[in-house]
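In the working numbering, the protein residues as written are 27 to 327.
All C-beta atoms in this analysis are idealised placements derived from N, C-alpha and C, irrespective of residue type, glycine included.
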């Protein structure tokens, strides 16, 4: 390992903290970003007012600030890609909450993207890992082709633990076992979204999630149907945002996708939906800090 990369890892270790089950967090909220919670957050108000070849290119590289990870097709069936899925949180006693998560292209092959607030309770602790499950390709009240998959590990930015209104994004590692008893990874079955950090203002974007409310059109808002929004996303210093659209509860963690290919169901994720801000009528997604994101990724790899 060269000195440059060693220094990079040291910086990363300072910038992030990995949480596994039962870890303590500070002033964390759940309720999955209801408008009432957003109205209490002055910070949000102020900020918004003012293919195989591709996979090989993403492997064995030292991540840098100009990294672009390419989307990759399923190796099991390149004509069937389903990286986006319903992320379920079991609360016990027959009740549950849900968010959205997506498989992203990594060397590990079993890593997904969501938001931090979907992983934590109001009392400042994470849910038990056994309480999480993910069903890629879930739609129309039916599990995806792989059924449900458990979660092995979580990675949340330390900055989000100190202030839950900052860096509300997270990565998860899926406890995936090849159903064909081989060595295939989850993304070898589902395909995987690429990811990047260079998306500017007013960018045509597709967003997919499982809203249980909101104002998306042509969407069965029960939390059990995969819905889509397409349009131009704006950007300020801290957030990407969609004007006059409430993506709804359950859409937390939905990937914002650049250059979405409708035939392949793939593209580049560049943010994950966090919340709807009632007073400004915007759906927001925090801009990823590259260093923190890479640290989260390295901690799960």
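From 219, 250 and 268, pick the residue whose C-alpha is nearest to that of residue 94; which is it?
219
May I have the straight-line CA-CA distance separating residue 176 from residue 200, to the nearest angstrom?
6 angstroms
Of all the alpha helix (DSSP H) runs that stay within the bounds of the segment 141 to 190, which reach a length of 4 or more residues?
184 to 188
What's the C-alpha gap between residue 277 and residue 145?
14 angstroms
Using a 10 Å radius around the Cβ and a threshold of 16 neighbouring Cβ atoms, would you call residue 111 buried or exposed?
buried
Endpoints, the alpha helix (DSSP H) within which residue 204 is located
Segment: none, residue 204 is in no alpha helix (DSSP H) and carries neither H nor E.
Could you check what DSSP says for residue 229 in three-state terms: helix, strand or coil?
strand
Buried or exposed (CB count within 10 angstroms, at least 16 for buried), residue 117
exposed
In terms of residues, what are the limits of the beta strand (DSSP E) holding residue 256?
253 to 261
What does a CB cutoff of less than 6 angstroms around residue 222 pick up in its chain, not counting 5 residues either side in sequence?
94, 294 and 296
Express the C-alpha separation of residue 241 and residue 210 in angstroms, rounding to a whole number.
39 angstroms
Of the listed residues 292, 315, 300 and 309, nearest to residue 96 (C-alpha basis)
292
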